[in-house]
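Just below is one structure, and these are the notes that go with it.
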């Protein structure tokens with residue numbers, strides 16, 4: 015068995031993923047999807063993403079990539095690179111959950127993208143790097159409507175070709 019790296023991310027219509035180190039939307043369905051999908055698996059994130067969450071997510075191995083070798087937090091394993099994070103994650107599936115720099119570093123290596131595509135533009139200052147969709151095949155799409163945000167959104171799965 016080997017490691018399968020998957021990016022899981024929610025994006026707005028302009029590929030926005032955050033503003034001021036927070037999510038610019040409240041989408042309970044996406045949070046439930048994220049929890050359901052990542053529970054029981056390692057999650058890999060940058061330190062700023064961890065800071066925005068504020069605590070280790072339960073029932074998941076929390077691996078944080080940081081440039082600061084002295085950084086530590088209870089319930090978290092800190093590493094200096096994506097390669098170290100992947101080695102720590104071991105076999106099975108691990109989810110890369112952000113932020114933008116970690117997504118950019120992981121994109122060439124991931125086998126699957128789980129993207130919540132929100133059909134609305136929000137005020138964002140952080141964006142998902144462009145993805146060359148010619149390297150990917152859409153394998154699933156589940157469309158929903160958010161009353162709270164008055165917009166449609168879809169859970170979309172892409173597999174690397």
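In the working numbering, the protein residues as written are 15 to 175. Think of the CB as a built atom: it goes at the ideal place given N, C-alpha and C, for glycine as much as any other residue. Quantities reported herein were computed from a predicted structural model and do not represent experimental measurements.
Where residue i falls, given that 16 or more other Cβ within 10 Å makes a residue buried
i           : result
residue 72  : exposed
residue 52  : buried
residue 46  : exposed
residue 157 : exposed
residue 114 : buried
residue 82  : exposed
residue 153 : exposed
residue 147 : exposed
residue 26  : buried
CB of residue i within 8 Å of CB of residue j, strictly
i          : j           : result
residue 63 : residue 128 : no
residue 67 : residue 102 : no
residue 79 : residue 100 : no
Closest Cα partner of residue i within the set the options
i           : options            : result
residue 149 : 173, 161, 139, 49  : 173
residue 151 : 90, 75, 161, 125   : 125
residue 131 : 44, 35, 15         : 44
residue 23  : 97, 105, 143       : 143
residue 159 : 175, 134, 145      : 134
residue 55  : 109, 145, 169, 116 : 109
Supposed close pair residue i, residue j - CB separation, criterion 8 Å
i          : j           : result
residue 41 : residue 166 : The pair is not a contact, with the Cβ atoms about 11 Å apart (cut-off 8 Å).
residue 94 : residue 60  : Contact doesn't hold; Cβ gap of about 12 Å is too wide.
Do the region 118-126 and the region 31-49 make contact, defined as three or more Cβ pairs closer than 8 Å?
-> no
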